[in-house]
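Chemist: Shown below is the structure under consideration.
Residue numbers (the numbering used here): 3 to 246.
Okay, here's the thing in structure tokens:
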């Protein structure tokens, strides 16, 4: 009886580990994929910035002669539905639906911070990429951003072939990012998680009270091509939308 019980315990422990660490596992798999890029691509893994009480965590930054690629990794599978302007995307697995913050918006925030950090270095082209597990069926309406499965990640990089970043500038970018990262500082990641949790709570609280979390306008019901949704009363200045 001892061996079957041990097997059950180990299986349960493995399932629990995968559940709570799927994000980190997905990031590691993407990192191994990035390491297959040619040597002119410099990979910076798991970067954390802190500034004025705010924090920004970026899964991967890849600095190359062609662009600075900013990677947001999502360890989801199943159907993934969403659009560029939607505040939240939807995951569907066997009729079970769950929502998560639009990773395109998330990555746009990362790039805004990097532009501020590197603003004195001159023109730098940034390319945001959102990468999902290979098991994800991407049914997203995206025209101006790159959203791919991990299998196609390398192809997303290699489509950029024009050299626009000199070796000198590339070295400065890498040096600035690595010097500014606080990933290894004790307590920094704990502070970042607290900041992120507080931001999510504030966003959901505003939405529940009919307030736009981006600009503070009122949320009003609208009708679109795909049915009814909520939009900000300050449209078109504010493009916040939320599916019903």
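Cβ atoms here follow ideal geometry from the backbone N, Cα and C, with glycine treated the same way.
How long is the line joining the alpha carbons of residue 155 and residue 51, rounded to whole angstroms?
Modeler: Approximately 25 Å, taken between the alpha carbons.
Chemist: Any beta-carbon of chain B closer than 7 Å to the one on residue 108?
Modeler: Structure shown: chain B not included; a single protein chain is present.
Chemist: So residue 151 and residue 77 are supposed to be a Cβ contact under 8 Å. How far apart are they, rounded?
Modeler: Incorrect: roughly 12 Å between the Cβ atoms, too far for contact.
Chemist: If you follow the beta strand (DSSP E) that residue 105 is part of, which residue opens it and which one closes it?
Modeler: Looking at the DSSP string, residue 105 is not in any beta strand (DSSP E); the run it does join, the alpha helix (DSSP H), is 105 to 119.
Chemist: Exposed or buried, what is residue 238 when buried is set at 16 or more other beta-carbons lying within 10 Å of its beta-carbon?
Modeler: Flag for residue 238 reads exposed.
Chemist: Could you spell out the range, first to last residue, of the beta strand (DSSP E) harbouring residue 56?
Modeler: It spans 56 to 65 - the beta strand (DSSP E) in which residue 56 sits, taken as one unbroken run.
Chemist: Consult DSSP for residue 194 and reduce its assignment to one of helix, strand or coil.
Modeler: Because the pLDDT at residue 194 is just 45, under 50, the model does not fix this residue reliably, and the value given afterwards should be weighed accordingly. Residue 194 falls in the helix class under three-state DSSP.
Chemist: Taking the alpha-carbon positions, what's the residue 112 to residue 90 distance?
Modeler: Going from the Cα of residue 112 to the Cα of residue 90 covers about 17 Å.
Chemist: For residue 3, I'd like the list of residues in its chain whose CB is within less than 7 Å of its CB, leaving aside the five on either flank, ordered along the chain.
Modeler: Annotation note: pLDDT 47 at residue 3 (below 50); position unreliable, coordinate value reported separately. Taken in chain order, the list of residues that qualify is empty.
Chemist: Taking the beta strand (DSSP E) that residue 244 belongs to, which residues open and close that run?
Modeler: Run containing residue 244: 243 to 245, per the beta strand (DSSP E) assignment.
Chemist: I need the boundaries of the beta strand (DSSP E) containing residue 48, first residue and last residue.
Modeler: Run containing residue 48: 44 to 53, per the beta strand (DSSP E) assignment.
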